[in-house]
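The next block holds one structure in the form of structure tokens; read it before the comments.
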Amino acid sequence: MEDWLGYSPDDLLLFSQEVYRRLFMRANAMLAPLPLLTPLIALAALAAAFRRRRGPAALALVLAAGWAGVSAVFLPLYAEINWAVAGLAPAFWAQAAALCGAAALAPPGPLPRPRGAGDHAALAAMAAALLLWPALAPLQGNPWAAAEVFAMAPDPTALATLAALALLRRPLVTAILGLIPLLWLIASAATLLILGAPEGWAVLLAGPALYVLAVIPRGRALRSPPAA
Amino acid sequence: MPLTRRTLLRMAAAAVAAPALPAAAAGEETRVIPSTGARVPAVGLGTWITFNVGGDPALLERCTRVMAAFFEEGGGVIDSSPMYGSSQETVGHGLARLGHPAALFSAEKVWTSDVTEGPAQIARTRREWGVPRFDLLQVHNLRAVEGHLETLFAMKAEGELGHVGVTTSHGRRHADLERVMTRRPLDFVQLTYNILDREAEDRLLPLAREKGVAVIANRPYRRGALIRRFAGKPLPGWAGEIGAETWPKFLLKFILSHPDITAAIPATTRPEHVRENKAAARDPLPDPALRRRMAEHVASL
Chain V
6 MEDWLGYSPD
16 DLLLFSQEVY
26 RRLFMRANAM
36 LAPLPLLTPL
46 IALAALAAAF
56 RRRRGPAALA
66 LVLAAGWAGV
76 SAVFLPLYAE
86 INWAVAGLAP
96 AFWAQAAALC
106 GAAALAPPGP
116 LPRPRGAGDH
126 AALAAMAAAL
136 LLWPALAPLQ
146 GNPWAAAEVF
156 AMAPDPTALA
166 TLAALALLRR
176 PLVTAILGLI
186 PLLWLIASAA
196 TLLILGAPEG
206 WAVLLAGPAL
216 YVLAVIPRGR
226 ALRSPPAA
Chain R
88 MPLTRRTLLR
98 MAAAAVAAPA
108 LPAAAAGEET
118 RVIPSTGARV
128 PAVGLGTWIT
138 FNVGGDPALL
148 ERCTRVMAAF
158 FEEGGGVIDS
168 SPMYGSSQET
178 VGHGLARLGH
188 PAALFSAEKV
198 WTSDVTEGPA
208 QIARTRREWG
218 VPRFDLLQVH
228 NLRAVEGHLE
238 TLFAMKAEGE
248 LGHVGVTTSH
258 GRRHADLERV
268 MTRRPLDFVQ
278 LTYNILDREA
288 EDRLLPLARE
298 KGVAVIANRP
308 YRRGALIRRF
318 AGKPLPGWAG
328 EIGAETWPKF
338 LLKFILSHPD
348 ITAAIPATTR
358 PEHVRENKAA
368 ARDPLPDPAL
378 RRRMAEHVAS
388 L
């Protein structure tokens with residue numbers, strides 16, 4: 006233990022930012038052209054969650070598929086350069102399974118219509134996770150092929166999950182389902198900041214903020230009548 | 088170095104069993120390893136971070152080109168560790184692609200708190216490199232040092248290992264390192280030494296000279312931070328006298344000009360930087376007076 010106490014965060018850095026960015030290129034290339042579609046599928050599931058009787062269950066299944074995709078495709082690549090990640094796959098698969106369970110147990114009826122600053126903040130966070138996060142790659146001078154997209158990369162998948170949970174307004178459920186995404190985002194933020202990646206600050210702030218938004222009681226809104 | 092019984096025994100052992108290193112490239116400066124009499128080029132190759140590229144085909148190819156340039160320029164110490172992610176596999180990949188050049192001085196580390204796990208870890212490392220034995224094995228960051236040193240000295244006695252060493256970095260645990268150097272017949276120590284990190288000059292480097300221990304300098308550029316720090320700042324006018332026309336050569340020449348440094352292990356992802364680093368050892372090196380001026384110039388910036 007005393008060995009690790011003597012290390013600074015910079016000493017624990019195992020890889021370069023270049024190698025890290027190329028992980029996303031490799032993950033995207035493995036399942037191309039699916040990375041072009043996964044954010045759109047998630048957006049469609051979000052829209053359905055507000056309109057369809059089984060919409061929330063469908064959204065939960067899409068989120069579950071996202072965690073499964075990250076666990077199956079990205080984590081093995083990341084584990085090649087970061088031995089600390091090697092043991093995370095069971096947790097990610099458990100998250101996928103838990104979301105599947107939530108889908109199976111979800112009561113029928115769409116999500117409450119968004120109201121208030123909290124819901125709109127969650128919607129904005131969802132949009133950022135699905136649409137803005139992939140654009141960070143070219144904005145930072147990296148190719149589009151290195152874009153971090155939902156279901157291929159863990160950060161936008163975790164952010165989208167917490168944003169969706171914040172719209173649910175069920176604190177106990179979201180406290181459980183949001184724990185693994187929160188812990189991942191905190192760890193990822195630390196990695197990004199050590200690498201010198203500016204989005205680390207966004208991850209560090211957004212993760213806990215969305216988790217708090219998801220678990221604090223914000224009143225149960227009336228459900229809109231189920232769509233025909 | 089005083090002629091002690093230990094020194095005589097080491098010289099006899101060196102005469103009988105010193106590993107035959109290949110001749111260095113013409114003009115390349117080599118340094119002697121006191122305990123065995125073997126010689127090694129002054130500029131080696133580190134692999135921390137730069138070689139941790141996983142299975143990325145493009146980056147594996149780039150690392151292989153770095154190694155190819157390294158061997159073309161005379162080869163020498165390639166230093167890695169189980170701690171460095173996939174760097175060991177990257178080295179093994181490059182060695183296989185290059186046909187295991189003879190100009191290799193393989194330096195690895197044992198890095199586990201469990202002493203009983205040491206032999207198995209070393210065996211895995213050897214498989215990653217694809218080599219029959221290592222020229223140097225070091226106890227990484229003095230972790231479980233006493234137990235691992237027993238393992239390494241036993242391996243050396245059996246002819247399974249060329250040299251035994253220990254490492255530290257960032258100026259940490261120098262007191263512990265001094266104790267180990269005093270009590271154990273080490274062949275090598277590896278520590279941080281560069282133009283700003285000079286603590287080792289006070290006690291460790293003189294002790295290494297007294298004990299006949301070879302010294303590898305890690306973090307010669309503080310992972311590139313020194314180069315970035317001084318980039319754009321003027322080199323002194325007299326830098327050309329020693330062929331230090333760039334900051335990396337200036338910084339590396341300072342290290343290599345210390346009489347008790349055997350080798351430095353800069354890491355890089357670019358073959359042209361390998362050649363520049365190697366050139367730093369070939370050109371004239373600063374004498375003590377010029378070293379003082381180099382340190383003063385850096386301090387003034």
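In the order they appear, the protein sequences are chains V and R. Position in the first sequence counted from 1, then plus 5, gives you the working numbering. Position in the second sequence counted from 1, then plus 87, gives you the working numbering. Glycine included, C-beta positions come from ideal geometry on N, C-alpha and C.
- Taken residue by residue, none of the region 264 to 296 of chain R has a beta-carbon sitting less than 9 Å from a beta-carbon on chain V.
- Residues of chain R with a Cβ closer than 8 Å to the Cβ of V:ASN87 are, in chain order, GLY172.
- Below 8 Å, enough C-beta pairs join the region 183 to 197 of chain V and the region 142 to 162 of chain V to call them touching: three or more.
- Look at the beta carbons and you see the region 51 to 59 of chain V not touching the region 68 to 84 of chain V: under three pairs across the two are nearer than 8 Å.
- Within chain V, no residue has its beta carbon less than 7 Å from that of R:ASP374; the closest one is some 35 Å off.
- One finds LEU19, PHE20, VAL24, ILE86 in chain V with Cβ atoms closer than 7 Å to the Cβ of R:ASN139, taken in chain order.
- In the three-state reduction of the DSSP assignment, V:THR43 falls in the helix class, which pools H, G and I.
- Contact check for R:LEU264 against R:PRO307 fails: the beta carbons are separated by 7 Å or more.
- Per the C-alpha coordinates, the member of R:LEU147, R:ARG213, R:GLU148 positioned closest to R:PRO169 is R:ARG213.
- Annotation note: the region 213 to 281 of chain R contains the following uninterrupted alpha helix (DSSP H) runs of length 4 or greater, listed N- to C-terminal: 232 to 244, 261 to 270.
- For V:LEU82, the chain R residues whose C-beta falls within less than 8 Å of its own C-beta are GLY141, GLY142, listed in chain order.
- About 12 Å separates the beta carbon of R:ALA312 from that of R:TRP334, a gap too long to meet the 8 Å contact definition.
- In terms of CA proximity to V:ALA32, V:TRP149 leads the group V:TRP149, V:PRO176, V:TRP206, V:PRO143.
- Sequence-distant Cβ neighbours of R:PRO371 in its own chain, meaning closer than 7 Å and more than five residues away, are ILE329, GLY330.
- DSSP, read as helix, strand or coil, puts V:SER193 in helix.
- Listed in chain order, the positions of the region 27 to 44 of chain V with a beta carbon within less than 8 Å of a beta carbon of chain R are ARG27, LEU28, ARG31.
- Counting C-beta atoms within 10 angstroms of its own C-beta, V:GLN145 has fewer than 16 neighbours from the protein chains shown and is therefore classed as exposed.
- With respect to the 7 Å criterion, R:LEU236 and R:MET268 are not classified as neighbours on the basis of their beta carbons.
- In this structure V:GLY201 is not in contact with V:ALA194, their Cβ atoms being roughly 13 Å apart against a cut-off of 8 Å.
- With respect to the C-alpha of R:ILE136, the residue from R:LEU146, R:VAL127, R:ALA129, R:VAL130 having the closest C-alpha is R:LEU146.
- Collapsing the DSSP output to three states places R:VAL300 in coil.
- The C-beta separation of R:ALA207 from R:LEU185 comes to about 28 Å, leaving the pair out of contact by the 8 Å criterion.
- Taking CB atoms only, R:ILE136 has a neighbour in chain V less than 7 Å away.
- When the Cα atoms are used, R:ASP166 and R:GLU176 turn out to be separated by approximately 13 Å.
- Note that the C-beta distance between V:ALA171 and V:LEU218 is below 7 Å.
- Close to R:LEU146, with beta-carbon spacing below 9 Å, are these residues of chain V in chain order: GLU23, VAL24, ARG27.
- Secondary structure at R:LEU191: strand, using DSSP grouped into helix, strand and coil.
- Rounded to the nearest angstrom, the gap between the Cα atoms of R:HIS261 and V:ASN147 is 42 Å.
- Residue environment for R:VAL119: exposed (fewer than 16 other C-beta atoms within 10 angstroms of its C-beta).
- For the region 156 to 192 of chain R, the continuous alpha helix (DSSP H) assignments of 4+ residues that do not extend past its boundaries occur at 174 to 184, in sequence order.
- Note that the region 70 to 90 of chain V does not touch the region 110 to 129 of chain V; fewer than 3 beta-carbon pairs, one per stretch, sit closer than 8 Å.
- In this structure, R:VAL226 keeps its C-beta atom at 7 Å or more from the C-beta atom of R:VAL202.
- Checking the DSSP bridge columns, you'll see R:ASN305 partnered with R:THR279.
- Just so you know, the alpha carbons of V:PHE79 and V:LEU28 end up roughly 7 Å apart.
- In the structure shown, R:ALA350 falls within a strand segment according to DSSP collapsed to helix, strand and coil.
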